[in-house]
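So the structure is just underneath, and the comments pick up after that.
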Amino acid sequence: MATAVISALENIPVRQDLAMTGSLSVRGDVLPIGGVTYKIEAAAKAGIKTVIIPKSNLNDVLIEDQYADKVSIIPVTRIEEVLRYALVPTDKADFEEKLTRMGKHMEIPKDEPKAEKSE
Numbered sequence: 005m006a007t008a009v010i011s012a013l014e015n016i017p018v019r020q021d022l023a024m025t026g027s028l029s030v031r032g033d034v035l036p037i038g039g040v041t042y043k044i045e046a047a048a049k050a051g052i053k054t055v056i057i058p059k060s061n062l063n064d065v066l067i068e069d070q071y072a073d074k075v076s077i078i079p080v081t082r083i084e085e086v087l088r089y090a091l092v093p094t095d096k097a098d099f100e101e102k103l104t105r106m107g108k109h110m111e112i113p114k115d116e117p118k119a120e121k122s123e
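Structural data, given as structure tokens:
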């Protein structure tokens, strides 16, 4: 869903030949999900040849032989990686600059602001 929102806001189309699954933290980390093997096999049955999954789910993937050669899996850890694979930029330099800018907005500050004591 985040990919679709970013696609709409930035006016960059999403590839139609891949599927993706995973959860997303507010900081842009791609988090594990359940049923990853089933989701990959369902994508293969639908004719999808590439599936983006959370890297932390990679050891959970146990694809049946009949699907193993039909689908390629891309493990990712960050939303920026998802966007690099999933979006179809018309201007590559502008696209990379937008991804860099988005990544900076999601970084955790080194020095967290401290709450002031109330008197």
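In the working numbering, the protein residues as written are 5 to 123. C-beta atoms are modelled at their ideal positions from N, C-alpha and C, and glycine is treated no differently. Since the model is a prediction, treat every value here as computed from it, not as a measurement.
Integer-rounded CB distance, given that residue j should sit under 8 Å from residue i
{"i": "I78", "j": "Y89", "result": "6 Å"}
{"i": "I52", "j": "V75", "result": "7 Å"}
{"i": "M24", "j": "I67", "result": "The pair is not a contact, with the Cβ atoms about 16 Å apart (cut-off 8 Å)."}
Cα-Cα separation, residue i to residue j
{"i": "L87", "j": "S60", "result": "18 Å"}
{"i": "A72", "j": "D33", "result": "27 Å"}
{"i": "P58", "j": "G26", "result": "6 Å"}
{"i": "D69", "j": "E45", "result": "10 Å"}
{"i": "V65", "j": "Y42", "result": "9 Å"}
{"i": "A97", "j": "A47", "result": "31 Å"}
{"i": "D95", "j": "E85", "result": "17 Å"}
{"i": "L22", "j": "T104", "result": "23 Å"}
{"i": "V92", "j": "R82", "result": "18 Å"}
{"i": "Q20", "j": "G38", "result": "23 Å"}
Residues bridged to residue i [DSSP beta-bridge criterion]
{"i": "T54", "result": "L22 and S76"}
{"i": "V34", "result": "L28"}
{"i": "L91", "result": "V18"}
Candidates the options, of which the one nearest residue i by Cα
{"i": "V80", "options": "M5, A50, L62 and N15", "result": "L62"}
{"i": "E101", "options": "E14, K49 and V30", "result": "E14"}
The stretch 9-17 / the stretch 27-47 touching (three or more Cβ pairs under 8 Å): Contact check between the stretch 9-17 and the stretch 27-47: fewer than three CB pairs, one atom from each, fall below 8 Å, which does not count as touching.
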